[in-house]
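> Okay, here's the structure, questions in a sec.
Residue numbers (the numbering used here): 225 to 462.
So this is what it looks like as structure tokens:
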């Protein structure tokens with residue numbers, strides 16, 4: 225893994241004459257750098273690890289296994305899958321991590337679970353293990369609000385929301401459909417709800433491509449997102 229000029233300057237910094245406050249600031253920078261390097265290393269391993277991809281696919285298709293996951297485990301496996309899929313600029317999970325990069329809790333409720341940055345668009349990814357009748361209450365409004373905040377922050381680009389759950393309740397789908405077709409607080413949104421099994425099918429296609437020496441581009445995924453969004457024009461009713 226190559227180092228940037230900024231990373232080199234942190235590593236080679238002479239800290240022997242730093243004050244206590246400067247040492248604490250330096251330690252913080254080292255922790256951030258450590259996590260960034262681990263992320264780069266993980267990405268390199270994931271891109272070519274067919275067994276890991278197959279393991280993620282198998283896990284996402286096994287509802288009984290998924291239900292045993294802690295929320296942060298579920299967020300992590302989706303984060304890894306998003307890093308595998310294509311040529312992102314950055315996939316940023318918002319769960320807190322230890323110094324090894326392992327999640328110690330799920331993402332807080334005031335921000336998206338995962339933020340995804342690409343060359344031609346951005347996206348958030350919201351995941352939940354909740355498949356009960358209360359899913360629409362706990363998830364629909366927060367997801368739409370997180371996406372709106374993200375849209376405002378990155379108003380110069382297309383923004384999407386990928387929503388993933390083992391099962392998506394019909395009431396949750398209705399709220400997302402309303403947001404896509406008629407708008408949330410005055411403007412339409414681009415929300416793509418997928419079950420874990422449907423998301424696994426996307427990864428299976430990716431694995432087939434990898435075996436042929438090919439990969440998805442982020443633009444390929446956006447084409448899929450657009451097709452799903454356009455499906456609302458084929459749905460009758462209000």
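By construction, the Cβ of each residue, glycine as well, lies at the ideal position given by its N, Cα and C atoms.
Return the bridge partner residues of residue 351 from the DSSP annotation.
BP columns for residue 351 point to 388.
> Can you tell me whether DSSP reads residue 320 as helix, strand or coil?
Coil at residue 320, not helix or strand.
> Using a Cβ-Cβ cutoff of less than 7 Å, which residues in the same chain neighbour residue 242 once the five nearest sequence positions on both sides are dropped?
If we look at residue 242 and ignore the five residues flanking it on each side, its Cβ neighbours are 250.
> What does DSSP give as the partner residues of residue 272 in its beta bridges?
Note: residue 272 sits in no beta bridge, so no partner.
> What is the DSSP secondary structure of residue 260, reduced to helix, strand or coil?
Residue state, collapsed to three classes: helix.
> Would you kindly work out how many angstroms separate the C-alpha atoms of residue 427 and residue 391, rounded to a whole number?
Distance between the alpha carbons of residue 427 and residue 391: 18 Å.
> Return the CA-CA distance between residue 369 and residue 236, expressed in angstroms with no decimal places.
Computed Cα separation, rounded: 43 Å.
> Under 7 Å, do residue 384 and residue 331 count as touching if we go by C-beta distance?
Their beta carbons are not under 7 Å apart, which means residue 384 does not touch residue 331 by this criterion.
> Kindly identify the DSSP beta-bridge partner or partners of residue 402.
BP columns for residue 402 are empty, so no partner.
> Is residue 371 near residue 413, with beta carbons less than 7 Å apart?
Closer than 7 Å, so yes.
> With H, G and I counted as helix, E and B as strand and the rest as coil, what does DSSP make of residue 335?
In this structure, residue 335 counts as coil in the three-state DSSP scheme.
> Hey, could you find the ends of the alpha helix (DSSP H) residue 328 is sitting in?
Where residue 328 is concerned, there is no enclosing alpha helix (DSSP H), given that its DSSP letter is neither H nor E.
> Is the CB-CB distance between residue 387 and residue 366 below 7 Å?
No, they are not a contact pair.
> Measure the beta-carbon distance from residue 393 to residue 422 and round it to whole angstroms, keeping in mind my assumption that it falls under 8 Å.
Not a contact, Cβ separation roughly 15 Å.
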